[in-house]
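Per our numbering, the sequence shown starts with residue 292, numbered consecutively.
For each residue, glycine too, the CB sits at the ideal point set by N, CA and C.
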Amino acid sequence: MEKIVIHGGNRLTGEVEISGAKNAAVAIIPAALLAQDVCRIENLPNISDVTCMTKILESMGAKVKRINKHTIEYDTRNVNSYIVPHEMTKKLRASYYLVGALLGRFCRAKVALPGGCDFGVRPIDLHIKGFELLGANVNLESAMVNAKADRLTGSAIYMDKVSVGATINIMLASVKARGLTIIENAAKEPHIVDLANFLNAMGADVRGAGTDVIKIHGVTELHGCTYSIIPDQIEAGTYMAAAAATGGDVLIKNVIPKHLDSISAKLIECGVKITEYDDSLRVESSGKFRHCNIKTMPHPGFPTDMQPQISVLLTVAEGTSLVSEGVWDNRFKYVDQLIRMGANVQVDGTIAVFQGVKELTGAPVKANDLRAGAAMIVAGLMATGTTEIEDIQYIDRGYEDYIEKFKALGADIYRREFSDSDKANAAG
Ligand code: UD1
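This is how it looks when you write it as structure tokens:
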């Protein structure tokens, strides 16, 4: 078991290169199953979620060839299984995309319910409703989603709630269905558009992704393609928050600035200077912040996956800031960790009230989930003294080479093995 150790207080300066988007990658890799051909996917982030999804495809008979650190070829011609057991899905929330992809390919899917980050109840009723409207029979048996259809037929599907996962899953299941599928009240996140572009590069007919109505004309066959994944909006936002938190001056490279509008807007409101270029963005900060209120919402609103990281700034912003979580029921578990570092925060359900304090002080903390872990890094970099973060396997799921990237910006951060005395203390 490893921990991250941070000696805080260093200003981050210099340049950082953003990797490909995790949430696009974990949808696009299973989508390659639909082609029955060879897909070469570029700009894949080198993170454990991608490794995990790649292993799942391999275990089903796909031939996987790693071309370089960020490019993998998936040959899905010989995949002949539609069953994905629990051992494969337990670490990865996005494993539910295999249901849509396998249904699309075989009209059958038997996939164990997924693991992933725990921020409250994570239902899949909208996914199931979508599959059923396409003509599938779906039931849950022994924690497996079992879906079956004689053939899938396009349908009008209204989403009662905006759901990224359900929108993606219905896109996957319907690209080869007979006729027209219309998804209304669809999610509009950048990775939905990226998936649509990938499907279209394979010969699909998906229109309207990025708006709240997506129209999919089913095609009989898809073919292989070469496709490059978009930059990661949340990784970029995390480095923006870290640069701002440390009073730094950082050029964030390889980004689509438009995807970062809501994050930039909030940082500017806090008093941070943001300069946009074509595919990069500069963050300059004095390390002093004005209070600001944040409400998370589906895209193009402020992303829930940036809520913990940006909230770190509010712990030291002058005055009172309100953060309202509009997507998940239970996404403030990380607040207890910030309180250990001296923050003054009160949580009531989906609202947190941040009363700015002078500074945070390093402490032993843990990563409750992926983005909570990222927030602990931002807090540790900003705090005085030493912060040690446990449960860093969550952070490894979604951030490529983050220790190296932060070090190159001047952070004093490293990994270290748990010593025996650490283990004894943890057990006690
Ligand atoms: C995806 C992201 C996750 C992000 C979330 C919201 C991936 C792999 N994960 O998760 O990081 O936090 O979008 O931007 O891309 N809901 C239902 N029924 C359903 C599905 C969802 O009620 O069938 C609810 C959820 O409980 C939640 C809301 O809809 O309150 C949004 O969830 P959704 O957009 O589906 O999140 P994920 O796709 O799981």
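The stretch 627-647 and the stretch 558-578 do not touch, with fewer than three beta-carbon pairs separated by less than 8 Å.
Counting only the Cα atoms, D552 lies some 22 Å from G305. Around I559, the same chain offers I565 as residues with beta carbons nearer than 8 Å, after the five sequence neighbours per side are excluded.
Look at the stretch 294-343 and you find these whole runs of alpha helix (DSSP H), each 4 residues long or longer: 313-322. Counting C-beta pairs closer than 8 Å gives fewer than three between the stretch 418-433 and the stretch 503-510, which falls short of the contact rule. Between G664 and I683, the CB-CB gap stays under 8 Å. DSSP places I507 inside the beta strand (DSSP E), whose first and last residues are V504 to H508.
The C-alpha of A643 lies about 21 Å from the C-alpha of K579. In the same chain as I374, and ignoring 5 residues on each side of it, the C-beta atoms closer than 6 Å to its own belong to K401, in chain order. Annotation for T595 indicates a beta carbon within 7 Å of some heavy atom of the ligand UD1.
Per DSSP, N491 lies in no beta strand (DSSP E); the unbroken alpha helix (DSSP H) holding it starts and ends at P481 to A492. The alpha-carbon separation between N488 and L605 amounts to approximately 37 Å.
A distance of 8 Å or more separates the beta carbons of L417 and A322. In this model, D703 and N301 are separated by some 7 Å (Cα to Cα).
Using a C-beta cut-off of 8 Å, the stretch 483-497 makes contact with the stretch 511-528, since at least three inter-stretch Cβ pairs fall below that distance. Between M344 and I320, the beta carbon gap of about 5 Å places them in contact (Cβ cut-off 8 Å). If you look at D540, you'll find it in the beta strand (DSSP E) that goes D540 to K544. Not one heavy atom of the ligand UD1 sits closer than 7 Å to the Cβ of K467. One alpha carbon belongs to E708, the other to G647, and they sit about 34 Å apart.
For the options L348, N334, L383 and R368, the alpha carbon positioned closest to that of K360 is the one of N334. Only residues of its own chain outside the window of five on either side were considered, and among them S310, P336, N337, I338 and E526 have a CB closer than 8 Å to the CB of E691, listed in chain order.
Taking each of N545, A532, S350 and T444 in turn and checking the Cα distance to T367, the smallest one comes out for S350. Taken through DSSP and simplified to helix, strand or coil, A500 comes out as strand. Boundaries of the beta strand (DSSP E) around A643: I642 to Q646. For Y373, DSSP records no beta bridge to any residue. Contact between L325 and R396 is confirmed by a C-beta separation of about 6 Å, below the 8 Å threshold.
Note on I585: 16 or more other CB atoms within 10 angstroms of its CB, so buried under the neighbour-count rule. Residue environment for S577: exposed (fewer than 16 other C-beta atoms within 10 angstroms of its C-beta). Taking each of E293, L303 and I332 in turn and checking the Cα distance to G515, the smallest one comes out for I332.
Annotation for L486 indicates a beta carbon at 7 Å or more from all heavy atoms of the ligand UD1. V563 carries a coil assignment under DSSP once its states are collapsed to helix, strand and coil. N428 and A438 have their C-alpha atoms spaced approximately 6 Å apart. One thing to note: L394 has its Cβ no nearer than 8 Å to the Cβ of L424. The C-beta of T458 has 16 or more other C-beta atoms within 10 Å across all chains shown, which makes the residue buried.
In the DSSP secondary-structure assignment, S612 is bridged to F645.
For R413, the secondary structure class from DSSP, reduced to helix, strand or coil, is coil.
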